[in-house]
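Mapping of the sequence shown onto the UniProt record's numbering: position 136 corresponds to residue 136, and the numbering continues sequentially without gaps. Even glycine gets a Cβ: it sits at the ideal position worked out from N, Cα and C. Notes to accompany the following structure.
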Amino acid sequence: MRKRAAKKRPLLPDPRFNDQLVTRFVNMMMWDGKKSVAFKVFYDAIDIVESKKTDEEKSALETWKDALSNVMPHVEVRSRRVGGATFQIPMQIRPDRKVSTAMKWLISYSRKRNEKSMPAKLAAEILAAAKEEGAAVKKRLDTHKMAEANKAFSHFRF
């Protein structure tokens with residue numbers, strides 16, 4: 001490699017929950033650099049989760065973290081060319097990539113939902129993912145199935 005790996009910039013924790021994971025999620029959700037709008041969307045969604053959740057001993061933030069961990073994939077398939085043929089090779093995922101993939105899926109599938117507003121969409125997807133249902137969890141299951149189906153090619157791992 002010619003260039004050094006990029007330095008990880010430290011994230012400031014968010015104002016309400018004092019959590020860096022929230023800031024990372026909001027940064028991924030943000031459009032056009034409008035962070036305050038993204039924070040408002042996230043906090044409104046958390047408030048909706050707080051009002052709709054069934055489990056009384058968990059806070060809305062814990063419900064969101066549960067949803068995130070339910071969406072997190074543990075293996076994924078990567079394409080690798082071996083002798084003119086491309087194989088899908090199952091590989092373990094790095095912990096930081098697990099988190100960012102889960103966030104990406106949670107955000108993209110909540111955007112595709114058909115509730116009225118973004119906070120409502122996000123809250124609905126969070127509640128669904130916390131119960132191990134919804135599109136983002138289905139995506140994780142599909143990814144795991146794909147890795148399982150291609151287990152025969154795992155000896156090509158690099």
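Own chain partners of residue i with C-beta closer than 8 Å, once the 5 adjacent residues on each side are dropped
i, result
"T86", "S79, R80"
Whole-angstrom C-beta distance between residue j and residue i, which should lie under 8 Å
i, j, result
"A38", "V49", "Contact doesn't hold; Cβ gap of about 16 Å is too wide."
"V75", "H144", "6 Å"
"residue 176", "K104", "Absent from the structure is residue 176, since the part of the chain shown begins at 1 and ends at 158."
"I93", "P73", "6 Å"
"A129", "A67", "4 Å"
Test item: CB-CB of residue i and residue j under 8 Å
i, j, result
"L106", "A152", "no"
"R24", "L11", "yes"
"V77", "A102", "no"
Segment limits, alpha helix (DSSP H) that includes residue i
i, result
"M103", "95 to 111"
"E125", "118 to 130"
"D32", "That residue, D32, is in no alpha helix (DSSP H); it is neither H nor E in DSSP."
"K145", "135 to 149"
Range of the contiguous beta strand (DSSP E) that encloses residue i
i, result
"T86", "85 to 92"
DSSP-derived helix/strand/coil call for residue i
i, result
"V59", "The displayed chain sequence assigns Ser, not Val, to residue 59. S59 falls in the coil class under three-state DSSP."
"R16", "coil"
"E50", "helix"
"R4", "coil"
"R81", "strand"
Residues near residue i in its chain [Cβ-Cβ closer than 6 Å; skip 5 each side]
i, result
"A123", "A45, I48, V49"
Residues near residue i in its chain [Cβ-Cβ closer than 7 Å; skip 5 each side]
i, result
"G83", "none"
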